[in-house]
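Inspection log for the structure reproduced underneath, given as structure tokens.
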Amino acid sequence: MLNEVSIRCFLTLAQTLSFTETAKIRYMTQQSVSKYIAKMEEDLGFQLFIRTHHYVKLTKAGEAFYAFFREFSDRFDDVVEETKNYYDNMFNSLHIGYLEWLEISSSIGKALRVLQQNNPALKFVGEKHPQYELNELFLSRKLDLIITYKEFAPNAVGLKKLKIQESPLVLLVSPDHPKASDHATVDDFRNEPFIKAASSREALSESKNRARRQCRELGFTPSEIMISPNLESAYMAAEFGQGVLVSTMLSRMSLHSELKCYDIGVSEDLLCFWHEDEEKPSVAAFASVLEQVHQ
Numbered sequence: 021m022l023n024e025v026s027i028r029c030f031l032t033l034a035q036t037l038s039f040t041e042t043a044k045i046r047y048m049t050q051q052s053v054s055k056y057i058a059k060m061e062e063d064l065g066f067q068l069f070i071r072t073h074h075y076v077k078l079t080k081a082g083e084a085f086y087a088f089f090r091e092f093s094d095r096f097d098d099v100v101e102e103t104k105n106y107y108d109n110m111f112n113s114l115h116i117g118y119l120e121w122l123e124i125s126s127s128i129g130k131a132l133r134v135l136q137q138n139n140p141a142l143k144f145v146g147e148k149h150p151q152y153e154l155n156e157l158f159l160s161r162k163l164d165l166i167i168t169y170k171e172f173a174p175n176a177v178g179l180k181k182l183k184i185q186e187s188p189l190v191l192l193v194s195p196d197h198p199k200a201s202d203h204a205t206v207d208d209f210r211n212e213p214f215i216k217a218a219s220s221r222e223a224l225s226e227s228k229n230r231a232r233r234q235c236r237e238l239g240f241t242p243s244e245i246m247i248s249p250n251l252e253s254a255y256m257a258a259e260f261g262q263g264v265l266v267s268t269m270l271s272r273m274s275l276h277s278e279l280k281c282y283d284i285g286v287s288e289d290l291l292c293f294w295h296e297d298e299e300k301p302s303v304a305a306f307a308s309v310l311e312q313v314h315q
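With positions in the sequence shown counted from 1, the corresponding number in my numbering is that position plus 20.
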């Protein structure tokens with residue numbers, strides 16, 4: 021059966037027309053060269069060389085197969101080089117996406133530094149995106165891994181996930197609200213208008229369904245559900261006293277706003293998602309290290 025060794029042995033002999041020289045070039049014995057050529061001729065069903073005491077010469081079949089295998093060999097070497105470069109670049113790169121309002125850059129940085137201890141050549145690209153675009157880029161394989169909340173989990177088969185931390189949910193209330201005080205509790209606001217930020221490219225009905233679902237889970241019975249076009253608008257509405265807003269402590273707006281913050285006593289799971297057929301070992305390794313960073 022033909023293999024790479026026999027083909028390369030044949031090509032070298034076709035070029036040198038010397039069993040002795042071929043053996044030296046291929047780091048083989050002359051006997052091994054003869055056996056490979058004889059086996060190749062047997063497998064192909066044609067004599068490839070004329071052998072005499074004075075010279076070695078290609079037959080017509082030998083010339084035809086030399087042209088074919090030479091082209092094959094050149095292309096084989098090109099494919100090997102292309103593939104090597106592809107995997108070198110792939111294994112040394114990590115393309116991560118996460119929700120645009122998450123404040124997790126320091127955690128990502130810690131995880132990356134751990135990975136780079138074993139792979140100093142590892143290059144990282146991090147991108148913040150609105151939720152719809154985040155899932156869309158991930159499912160189209162333009163992102164290796166995404167970080168998002170369970171509420172926004174991508175809907176597809178063949179995905180792996182890992183919970184990296186629990187983020188406390190908080191109720192955000194305007195400091196000018198008549199009930200807002202250091203002694204107030206979440207119970208004081210369960211009937212207030214409830215503000216919910218729409219996810220990008222989400223229908224109004226879907227946003228309201230998410231809001232109603234969250235209200236049921238948290239025991240809120242709002243007098244009204246208000247859907248804001250984005251998170252910035254939702255925070256602004258809360259600041260103007262138009263209603264109350266539920267967010268997480270990982271939101272950079274929760275961390276830096278002037279809104280009164282009340283602990284709800286419930287946490288939201290922050291998850292990593294990646295494709296189960298992902299070839300990059302650094303992807304699953306990154307998720308695992310990120311989980312450890314938050315323990």
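Cβ coordinates follow ideal geometry from the N, Cα and C atoms, glycine included.
Source: prediction; values computed, not measured.
Taking 8 Å as the cut-off, the beta carbon of Met269 is found no closer than this to the beta carbon of Pro174. Counting only runs of 4+ residues, the alpha helix (DSSP H) found wholly inside the segment 141 to 212 occupies 151 to 159, in chain order.
The C-beta separation of Phe85 from Leu64 comes to about 7 Å, placing the pair in contact by the 8 Å criterion. With a beta-carbon spacing of about 5 Å, Lys180 and Glu296 fall inside the 8 Å limit used to define contacts. Contact annotation: the segment 181 to 201 does not touch the segment 104 to 114, with fewer than three C-beta pairs closer than 8 Å. One thing to note: Leu78 has its Cβ no nearer than 8 Å to the Cβ of Phe88. A contact is defined here as three or more CB-CB pairs under 8 Å, and the segment 290 to 307 fails this definition with respect to the segment 241 to 254.
When DSSP states are grouped into helix, strand and coil, Ala223 belongs to the coil group. With contacts defined as CB atoms closer than 8 Å, Phe209 and Val193 qualify as a contacting pair. The alpha-carbon separation between Lys44 and Thr36 amounts to approximately 11 Å. The beta carbons of Ile166 and Phe214 sit no closer together than 8 Å. Residue state for Thr72 is assigned as coil, using DSSP reduced to three classes.
By a beta-carbon distance limit of 8 Å, Asp164 contacts Trp294. Their separation comes to about 6 Å.
Looking at the DSSP output, Trp294 sits in a beta bridge with Leu165 and Lys180.
With distances taken between CA atoms, Arg90 lies nearest to Glu24 out of Val76, Pro150, Glu24 and Tyr75. The segment 144 to 151 and the segment 119 to 131 touch, with no fewer than 3 CB-CB distances between them shorter than 8 Å. In the same chain as Glu288, and ignoring 5 residues on each side of it, the C-beta atoms closer than 6 Å to its own belong to Tyr169, Ser187, Leu189 and Thr268, in chain order. The DSSP-derived three-state label of Glu288 is strand.
Measuring C-alpha to C-alpha distances from Glu147 to each of Pro140, Arg71 and Asn155 identifies Asn155 as the nearest. As computed with DSSP, Asp283 is found in a beta bridge with Val190.
Rounded to whole angstroms, Ala200 and Thr241 show a C-alpha spacing of 18 Å. Counting along the chain, the unbroken beta strand (DSSP E) around Phe214 starts and ends at Phe214 to Ala217.
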